Each structure stands twice: as structure tokens, then as C-alpha cells.
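So the mapping is simple: the working numbering equals the position in the sequence shown, first residue as 1, plus 229.
Cβ atoms here follow ideal geometry from the backbone N, Cα and C, with glycine treated the same way.
Keep in mind that this is a model prediction, so the values were computed, not measured.
Here the structure comes first, spelled out in C-alpha cells, and everything after it is commentary.
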Amino acid sequence: MSDDIEIKQSARKPIGIKYGDHKFELSGRIPPEILSARAGMSRKGLTVSQYNEEIGALVIDAFYVHVLPAEFRDVIDLEDVAAVFEAWSKKVGLGESNASEN
């Protein structure tokens, strides 16, 4: 008998995003860089609003680097990155707790 613990791997499917005349496939996987964006962030000297704004910028930056394919980064307007992030994060359930399901 083994003491190993088995964890079933999440099976998140890729997400298709239409942007202008293009269609891109984004990973359904949430990279750890998104979740750890606040790890190095200090709240010292910042208001709650400033802190939240800084964290938001770090999370979107991690999304841009680790989720958006290079071909998408080549054509996306930076004004649209937040909207694409919001659509992706809702689809992958970023920020949702699965604790009630376990």
C-alpha cells in the first residue's frame, strides 16, 4: 500500500478569442506567474486604491507575457489588453474558489 496522494489534473481547454480579423487560441491554464504577481509587491506607503491598481497592472502584465501568444501580442492594441484579460479570466475562472466543490 502506497502513501502517495493522487491529484487529478485540471483539464482546461484552450480558449478561442476573435480579435479584429484574427482568431487566436489562448491557454486555458492559469500560469503561476498570474497568481504570484503580488508576491513581491509591498503595500507600504500606498493607499488601498493605489495598491489594488498596482496589483492589477502586475497581473495583466503576467497575462500579457505568459498567456498571450506572440502573434496576438504583435497585433493587439494595448488599450484592448484589459478587455481580453477580463474575458479570459472569466472563462478560466480566475479568482473563483473551488473549495465548495471539493
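Of the other Cβ atoms in all chains shown, fewer than 16 fall within 10 Å of the Cβ of V294; this residue is therefore exposed. In terms of Cβ geometry, R267 and I244 do not form a close pair [threshold 8 Å]. Taking the C-beta atoms as reference points, L287 is found nearer than 8 Å to M270. Between L255 and I263 a beta carbon distance of about 12 Å is seen, past the 8 Å cut, so the two are scored as non-contacting. For V321, the number of other beta carbons within 10 angstroms of its own is at least 16, and it is reported as buried. F253 is not a Cβ neighbour of I289, given a cutoff of 8 Å. G274 and D232 have their alpha carbons spaced roughly 47 Å apart. DSSP lists H251 as the bridge partner or partners of Y248.
In this structure, the straight-line span from the alpha carbon of Q279 to that of S318 is close to 22 Å.
Where I284 is concerned, the enclosing alpha helix (DSSP H) starts and stops at V277 to H295.
Only exposed fits I236, as fewer than 16 other CB atoms lie within 10 angstroms of its CB.
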